[in-house]
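What follows is a short report on a single structure.
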Amino acid sequence: MIYSMTGYGKSVLQLPTKKVTIELKSLNSKNLDLNARMPSIYREKELAIRKLLADKLVRGKIDFSIYVEATAEDTSTQINTPVVKQYIEQLKQVVDGNEIELLKMAVRFPDALNTVREEIDENEWQQIETEIKKAVDDLNDHRLDEGKVLEQDFNTRIKTIETILEQVIAMDPERIQGVRERLLKGVEELREKYDENRFEQELVYYIEKFDITEEKVRLQNHLNYFTESINSKESNGKKLGFISQEMGREINTIGSKSNYAPMQQLVVQMKDELEKIKEQLLNVL
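For reference, each letter of the sequence shown is one residue, going 1 to 285 in the UniProt record's numbering.
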């Protein structure tokens, strides 16, 4: 089971005087990169929110937002009545005008309005925290759905590499025979006598340098391990990335040792499939 790092989660809470909307967006990133936006009243809870998101989401570029929309008469700004009255009395001494016009002028002066700092209602916050967890679960469900698509793609490409590897294995005896014939032809063209026993020893040594038996076995083991890791309970994109690197080493070594054009063409096909796997792994949690 694997999870994608791409996802979206949302939850909405309707309170008596406001509507609170929580949104989470996630993209791929090597580490946890969290950006939080919220009204100032909830800033004191930011560290707790970050810890919750880090525990639940592990990795990725996360955009977390809390939006608050007032749905009833609820304001933190109040008229400073004594100050406004003083302004009006002073204005009467300067200009003639009705009370409404003077009031419009007075409320524009400094200290005419007081902004009362809101305090967090803990009961309200508990409800909001529950909705944050729901949004996280929603995002993780989305990540899992995306992960299933990636898993299917990985399995298809791993099977393709295995099929090509089988062709490499089937072609190997033909390749070795071709190497032997080229060496023998080269020696014969020298038109000199040579010690056949010594030639056979040198031939064995030369062919051993081009032997890819170990690489074929290790590559198959890495392919099996990759598949096992995909089917494990935990999603670990970094681990899969390390396995893919080992697969790449074995494929590259087969290519450099093959010294045989048809086999090198198969190696190119395996490299192409592996590169597509590596690109997709960047998005795995």
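Backbone N, C-alpha and C define an ideal beta-carbon position, used for all residues, glycine too.
Proximity of Ile128 and Leu13 at Cβ, strictly below 8 angstroms: The residue given as residue 128 occupies position 128 in the sequence shown. The residue given as residue 13 occupies position 13 in the sequence shown. Yes, they are a contact pair.
6 angstroms CB neighbourhood of Gly241 in its chain, flanking five on each side removed: Position 241 of the sequence shown, counted from the start, is the residue given in the question as residue 241. Excluding sequence neighbours, Gly241 sits near Leu281.
Segments of 3+ residues assigned as beta strand (DSSP E) that fall wholly inside the UniProt domain "Endoribonuclease YicC-like N-terminal" (2-151): The UniProt domain "Endoribonuclease YicC-like N-terminal" (2-151) contains, as complete beta strand (DSSP E) runs of 3+ residues, the segments 7-14, 18-27, 32-37, 60-70, 77-79, 113-115 (chain order).
Beta-carbon spacing of Leu165, Lys238 below 8 angstroms: On the sequence shown, position 165 is the one that residue 165 refers to. On the sequence shown, position 238 is the one that residue 238 refers to. For the pair Leu165 and Lys238, the CB atoms are not nearer than the 8 angstroms cut-off.
Contact check, Ser26 vs Leu139, beta carbons under 8 angstroms: In the sequence shown, residue 26 corresponds to position 26, counting from 1. In the sequence shown, residue 139 corresponds to position 139, counting from 1. When the beta-carbon positions are compared, Ser26 and Leu139 come within less than 8 angstroms of each other.
Neighbourhood of Val136 by C-beta distance below 8 angstroms, restricted to the same chain and skipping five residues each side: Your numbering for residue 136 matches position 136 in the sequence shown. Contacts found: Gly9, Leu24, Leu52, Leu53, Lys56, Leu57.
Bounding residues of the alpha helix (DSSP H) (the contiguous stretch that carries Asp272): Counting from 1 along the sequence shown, the entry for residue 272 is found at position 272. Start and end: 261-281.
Beta-ladder partner(s) of Val179, from DSSP: Counting from one through the sequence shown, the residue named residue 179 turns up at place 179. Val179 pairs with nothing; no bridge assigned.
Where Thr6 falls, given that 16 or more other Cβ within 10 Å makes a residue buried: Residue numbering aside, residue 6 sits at position 6 when the sequence shown is read from its first letter. Looking at its Cβ environment, which holds 16 or more other Cβ atoms inside 10 Å, Thr6 is buried.
Bridge-paired residues (DSSP) for Val284: Your numbering for residue 284 matches position 284 in the sequence shown. In the DSSP output, where bridge partners are listed per residue, Val284 has Ser4.
DSSP state of Phe226 mapped onto helix, strand, coil: Numbered from its first residue, the sequence shown carries residue 226 at position 226. Helix, per DSSP.
8 angstroms contact criterion, which Lys271 and Ile251 should meet: CB distance rounded: As a position in the sequence shown, residue 271 is number 271, starting the count at 1. As a position in the sequence shown, residue 251 is number 251, starting the count at 1. Contact holds; Cβ gap of about 6 angstroms.
Reduced DSSP category for Ile212 - H, G, I as helix; E, B as strand; rest coil: Your numbering for residue 212 matches position 212 in the sequence shown. DSSP places Ile212 in the coil class of the three-state scheme, outside both helix and strand.
Tyr206, buried or exposed, once every other Cβ within 10 Å from all chains shown has been counted against 16: In the sequence shown, the residue the question calls residue 206 occupies position 206. Around the beta-carbon of Tyr206, fewer than 16 other beta-carbon atoms lie within 10 Å, marking it exposed.
Spatial distance of Asn80 from Gln93 (CA atoms): Sequence index remark: in the sequence shown, residue 80 carries index 80 (1-based). Sequence index remark: in the sequence shown, residue 93 carries index 93 (1-based). Cα-Cα distance, rounded: 21 angstroms.
Reduced DSSP secondary structure (H/G/I, E/B, other) of Glu250: Along the sequence shown, one-based indexing puts residue 250 at 250. Assignment of Glu250 by DSSP, reduced to helix, strand and coil, places it in the helix class.
Whether Ile120 touches Ile22 by CB criterion (8 angstroms): The residue labelled residue 120 in the question sits at position 120 within the sequence shown. The residue labelled residue 22 in the question sits at position 22 within the sequence shown. No Cβ-Cβ contact shorter than 8 angstroms links Ile120 with Ile22.
Classification of Glu89 by the beta-carbon crowding that lies within 10 angstroms, buried from 16 upward: Mapped onto the sequence shown, residue 89 falls at position 89. Under this definition Glu89 is an exposed residue.
Within 8 angstroms, strictly: CB atoms of Ile212 and Ser258: One-based indexing of the sequence shown puts residue 212 at position 212. One-based indexing of the sequence shown puts residue 258 at position 258. With respect to the 8 angstroms criterion, Ile212 and Ser258 are classified as neighbours on the basis of their beta carbons.
Residue environment, Met1, which counts as buried when at least 16 other CB atoms sit within 10 Å: Taking the first residue of the sequence shown as 1, we reach residue 1 at position 1. Exposed, since its Cβ has fewer than 16 Cβ neighbours within 10 Å.
Spatial distance of Leu15 from Glu124 (CA atoms): Counted from its first residue, the sequence shown places residue 15 at position 15. Counted from its first residue, the sequence shown places residue 124 at position 124. Taking the straight line from one Cα to the other gives about 8 angstroms.
Beta-carbon proximity of Ile62 to Leu32, cut-off 8 angstroms: Walking along the sequence shown from the start, residue 62 turns up at place 62. Walking along the sequence shown from the start, residue 32 turns up at place 32. Closer than 8 angstroms, so yes.
From Glu214, Ser235, Lys148, residue whose alpha carbon lies closest to that of Met247: Within the sequence shown, residue 247 is the residue found at index 247, counting from 1. For Met247, the nearest C-alpha among the options comes from Glu214.
Sequence-distant residues of the same chain with beta carbon closer than 7 angstroms to Thr253, five excluded per side: On the sequence shown, position 253 is the one that residue 253 refers to. Result list for Thr253: Glu215, in chain order.
Helix, strand or coil at Ser232 [DSSP, three-state]: Position 232 of the sequence shown, counted from the first residue, corresponds to residue 232. Of the three classes helix, strand and coil, the one that applies to Ser232 here is coil, per DSSP.
Candidates Gln264, Ser40, Gln269, of which the one nearest Arg175 by Cα: What you label residue 175 is simply residue 175 of the sequence shown in a count that begins at 1. Measuring C-alpha to C-alpha distances from Arg175 to each of Gln264, Ser40, Gln269 identifies Gln264 as the nearest.
Tyr67, buried or exposed, once every other Cβ within 10 Å from all chains shown has been counted against 16: In the sequence shown, the residue the question calls residue 67 occupies position 67. Looking at its Cβ environment, which holds fewer than 16 other Cβ atoms inside 10 Å, Tyr67 is exposed.
Residue burial classification, Arg170 (beta-carbon count within 10 angstroms, cutoff 16): Taking the first residue of the sequence shown as 1, we reach residue 170 at position 170. Looking at the sequence provided, one finds Ala at residue 170 rather than Arg. Residue burial is scored here from C-beta neighbours: Ala170 has fewer than 16 other C-beta atoms within 10 angstroms and is therefore classed as exposed.
Closest Cα partner of Phe64 within the set Glu46, Ala70, Tyr225: Your numbering for residue 64 matches position 64 in the sequence shown. For the residues Glu46, Ala70, Tyr225, the minimum Cα distance to Phe64 belongs to Glu46.
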